[in-house]
Amino acid sequence: MDWRLSPFFRLRAVLTAAVVLSAAGSITGSGAFAAEIKDAPRWTKGSDFSSLKDWNLKGEQIVPHGVNPLYYPITPGHKHALERRDHPDGRYRKETVVLDTAEDFDIRGIGKFKTAVVQEEEYLDGALAQRTLNWIALDRATNNVLSFGEVSWKIEDGKPSFTGTWRAGDPDGDGVAEPGLLMPGTFKVGERYIYAGSKSTSYGGAENMEEGLQATVPAGTFKSCVRVREQDLIDLKDINDKIWCPEVGLVSDTSDGKLVISNALPSSNPASNVSSIGKLRDKPAKQKSAAAKVSIADAKRVALQRMPGKVTDVTIEKKRGRNVYVVEIQTGSGEVDVFVDTQTGEVVGTD
557 MDWRLSPFFR LRAVLTAAVV LSAAGSITGS GAFAAEIKDA PRWTKGSDFS SLKDWNLKGE
617 QIVPHGVNPL YYPITPGHKH ALERRDHPDG RYRKETVVLD TAEDFDIRGI GKFKTAVVQE
677 EEYLDGALAQ RTLNWIALDR ATNNVLSFGE VSWKIEDGKP SFTGTWRAGD PDGDGVAEPG
737 LLMPGTFKVG ERYIYAGSKS TSYGGAENME EGLQATVPAG TFKSCVRVRE QDLIDLKDIN
797 DKIWCPEVGL VSDTSDGKLV ISNALPSSNP ASNVSSIGKL RDKPAKQKSA AAKVSIADAK
857 RVALQRMPGK VTDVTIEKKR GRNVYVVEIQ TGSGEVDVFV DTQTGEVVGT D
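So the sequence shown is numbered by the numbering used here: it starts at 557 and just counts up by one.
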């Protein structure tokens, strides 16, 4: 199974749209999330996007820290957070910090270089649920922001459990994982590029959709913004729109919500105060879950009635505000998860 489509990541693939684009070329953060992105994939193959072979990367030109006009500052100490209050599983918050450390790489055909280490921590109802370390760098020749992989852990009861990883230059199925392009140094509408280059684990392409937008989110109003659409090439139903604005970077994400704080903002903006970042981790919320009234055996039976096959795993997750058994079933056409309410035994969804 694609590790990015583990239960926590799967729910993010079907979140509703975070922004509304108007004919006037603006977005607003005042209303509820409008609708799921139900557009058909515009592009479906890796060959539809530019990739490593097109970028002329050289190790001596790759640096761990710096600034791209539309990306958040990739400098140690940068911090920002996005929130999504209407997340189906509770209050969602993602905190991003550029750590004061670097990761060494030596990739055949590129050479030796270092990347920044960018930590992302994701919270649901105040409890840490996921931690990811991303390896990001800039190409000084083009000012492109590049991704060289990531490693992730799911956090349960305060304890991390390894979820998965991919790393450019490492074996990847029958080939080798390649870097991704996160933001070009020069934004051109219509350009397409691979943003994650592991065909077996994390593989997707981005398309520059619009420019000249104005965005209003909790952290403020921003001009000259752009919209980028990300298309997962493993799960073609996973489509995500992001709004990026000069100097501050990401302000809106259809999965993760809207920018609430960033120390890239002027000190005169109250949203520049990032002292809350890390506090949820240091003082974790106490989660209370009702004991399951439905047994695992009954959950399996109900799930198999809905989806005949062989049960390969059962876990308890929080989905759409309720605790459910996630019953993993191997069917003749592939793997399917059936969600069974732990209190009622009702099937509340499948994936």
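Every residue gets a Cβ at the ideal spot worked out from N, C-alpha and C, and that includes glycine.
For LYS835, the enclosing alpha helix (DSSP H) covers residues 835-838. With at least 16 other beta carbons inside 10 angstroms of its own, GLN787 counts as buried. Here DSSP, grouped into helix, strand and coil, assigns GLY602 to helix. Annotation: ASP869 to ASP893 spans about 9 Å, alpha carbon to alpha carbon. With a cut-off of 8 Å on Cβ pairs, the region 618-627 is not in contact with the region 747-761, counting fewer than three such pairs.
Per DSSP, reduced to three states, the secondary structure at LYS849 is coil, with no helix or strand assignment. Here PRO735 is buried. Its C-beta has 16 or more other C-beta atoms within 10 Å. Rounded to the nearest whole angstrom, the CA to CA distance from TRP800 to LEU608 is 23 Å.
Here ARG723 is buried, its C-beta having at least 16 other C-beta atoms within 10 Å. A Cβ-Cβ contact shorter than 8 Å links PRO802 with LEU626.
Around the beta carbon of LEU792, fewer than 16 other beta carbons sit within 10 angstroms, so the residue counts as exposed.
Taking the Cα of VAL784 as reference, the smallest distance to any Cα among THR900, ASP645, THR777, TYR751 is reached at TYR751.
Listed as beta-bridge partners of MET739 by DSSP are VAL701. The DSSP-derived three-state label of PRO822 is coil. PHE778 and GLN770 have their C-alpha atoms spaced approximately 6 Å apart.
By DSSP's assignment, GLY768 forms no beta bridge with any residue.
DSSP places LYS609 in the helix class (H, G or I) of the three-state scheme.
With contact defined as three or more Cβ pairs closer than 8 Å, the region 853-870 and the region 887-906 are in contact.
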